[in-house]
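Below is one structure, written out as structure tokens; the observations come after it.
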Amino acid sequence: MGFGLTIRDVMRACIRLKKEGCRVIDAHIGAPSHEPPVPVAKALSELGEVGRDYAPFAGIDELREALSKFARAYIGIDVEPERIFVASSGSHAMLVSVLGFRGKRGLYPAPGFPIYFIQTDLLGIKCDTYDPTAPDLISEVLSKVREDTAFVVLNYPHNPTGYYPEKGVIEELYEELRDRGIYMIDDAVYHSIYYEERPEFIGDCVIDSFSKIFSVPGLRIGVVYLLEGDPKELGRRVYGSVAGASVLSQLVGLKMLEALKPSYLEELREYYKVKRDILMKGLEEAGFEFPRPKGAFYILAEHEKIKDSNGFAEELLDPSRRVCVGVVPAWSFKGKQNQFRISFGKLSEEDADLLVRELERAVKTCS
Numbered sequence: 084m085g086f087g088l089t090i091r092d093v094m095r096a097c098i099r100l101k102k103e104g105c106r107v108i109d110a111h112i113g114a115p116s117h118e119p120p121v122p123v124a125k126a127l128s129e130l131g132e133v134g135r136d137y138a139p140f141a142g143i144d145e146l147r148e149a150l151s152k153f154a155r156a157y158i159g160i161d162v163e164p165e166r167i168f169v170a171s172s173g174s175h176a177m178l179v180s181v182l183g184f185r186g187k188r189g190l191y192p193a194p195g196f197p198i199y200f201i202q203t204d205l206l207g208i209k210c211d212t213y214d215p216t217a218p219d220l221i222s223e224v225l226s227k228v229r230e231d232t233a234f235v236v237l238n239y240p241h242n243p244t245g246y247y248p249e250k251g252v253i254e255e256l257y258e259e260l261r262d263r264g265i266y267m268i269d270d271a272v273y274h275s276i277y278y279e280e281r282p283e284f285i286g287d288c289v290i291d292s293f294s295k296i297f298s299v300p301g302l303r304i305g306v307v308y309l310l311e312g313d314p315k316e317l318g319r320r321v322y323g324s325v326a327g328a329s330v331l332s333q334l335v336g337l338k339m340l341e342a343l344k345p346s347y348l349e350e351l352r353e354y355y356k357v358k359r360d361i362l363m364k365g366l367e368e369a370g371f372e373f374p375r376p377k378g379a380f381y382i383l384a385e386h387e388k389i390k391d392s393n394g395f396a397e398e399l400l401d402p403s404r405r406v407c408v409g410v411v412p413a414w415s416f417k418g419k420q421n422q423f424r425i426s427f428g429k430l431s432e433e434d435a436d437l438l439v440r441e442l443e444r445a446v447k448t449c450s
């Protein structure tokens, strides 16, 4: 598959079109829009004089202790503060988790988060892929495992489809991989954004981020929950790559955790579910097909009339349109040529409804 529009390409085009006075629907970048547990300005105003001293490279103690309680209560994993590492984003958390597999073979979901594949290239990791939406996930993953497979990455709720498997599947897969001596990394950054049964989060290492759940992607705070593995070695990787995440960001993150209530997560799920339901109903009625988006804020859609999603995405950005729409061709995620991702993270309900109508209108012109 050749190169085409990336997420950033589409985002830049949408910014340009807005400056030109066009009506634009931003369904490209995977950014949230719900309010954080405490306003960032309020959190900052309470911090006082900070940033004048170095902090522990693995994360400030108060944040690691709060994360241990958070993980137990909301993710369902039991991990001591000494095995929790604060990184400079979820992507950095993933990077330090796979650094130890440099030059080895890993199995990743495809379609999948584009940064996975940038990291495998940078680290010389031999990258195999599996279908994360396969009806029989265990058979799918095990059929792609080779004799030299060192680790497997999971990501549920999944980017770019929003899919996750039924309860019990991940636990059984983990046992199968453990019996084979294969390390399992669970990228769980969307863990609390689900609309059906609660997903399960199991792994030797679980990745988290403040970007999605707490709606503060600009803080650049990620987390590694290291359930299996050498904490000294992981700490060395954090220190060697960034020598510690921003203390200011960590303290704001701590304020978010301290203000968190269960009702906050219930409200954010309802906030996105309304938009998901509008999109699902409208897209299905318009003849689009997609894996069921049970979580996160994505839909990976296709239509029998769309053969090239890159051309379709370019057409949606034509400034002569009444409404321009920014969606991302699936090649960026190692998806199929006829698929494209919709992010409804920043859409209003009005935008979601209008998006469906514009896609339906555009697909009628496809030959």
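As numbered in the working numbering, residues 84 to 450 make up the sequence shown, in order. From the three backbone atoms N, C-alpha and C, an ideal C-beta is built for every residue, glycine too.
{"Query": "Endpoints, beta strand (DSSP E) assigned at R424", "Result": "423 to 426"}
{"Query": "Rounded Cβ spacing between E311 and D287 (contact assumed at less than 8 Å)", "Result": "4 Å"}
{"Query": "Contact under 7 Å by Cβ, P412 with S392", "Result": "yes"}
{"Query": "Uninterrupted alpha helix (DSSP H) stretches inside the region 185 to 234 (no shorter than 4 residues)", "Result": "197 to 206, 220 to 227"}
{"Query": "Unbroken beta strand (DSSP E) run spanning G173, endpoints", "Result": "Segment 173 to 181 is the alpha helix (DSSP H) holding G173; no beta strand (DSSP E) there."}
{"Query": "Buried versus exposed, by CB contacts within 10 Å (16 or more), L190", "Result": "buried"}
{"Query": "Nearest to K101 (by Cα), restricted to the options P139, V181, C407", "Result": "C407"}
{"Query": "Cα-Cα separation between C449 and A435, rounded to whole angstroms", "Result": "22 Å"}
{"Query": "Contact set for R352: own chain, Cβ-Cβ below 7 Å, skip 5 residues either direction", "Result": "I276, Y277, Y278"}
{"Query": "Cutoff 7 Å; reference L317; Cβ partners in own chain excluding five residues on either side", "Result": "F168, V179, V307, L309"}
{"Query": "L302 - containing beta strand (DSSP E), residue span", "Result": "Looking at the DSSP string, L302 is not in any beta strand (DSSP E), and its letter there is neither H nor E."}
{"Query": "C-beta atoms of Y92 and G409 nearer than 7 Å", "Result": "The sequence given here has Asp at residue 92, not Tyr. No, the pair does not count as a contact, with Cβ atoms beyond the cut-off."}
{"Query": "Alpha-carbon to alpha-carbon, L438 and L48", "Result": "Any answer about residue 48 is impossible in this case: the structure gives the chain only from 84 up to 450."}
{"Query": "Contact check, E255 vs I285, beta carbons under 7 Å", "Result": "no"}
{"Query": "Coarse secondary structure for E385, derived from DSSP in three states", "Result": "strand"}
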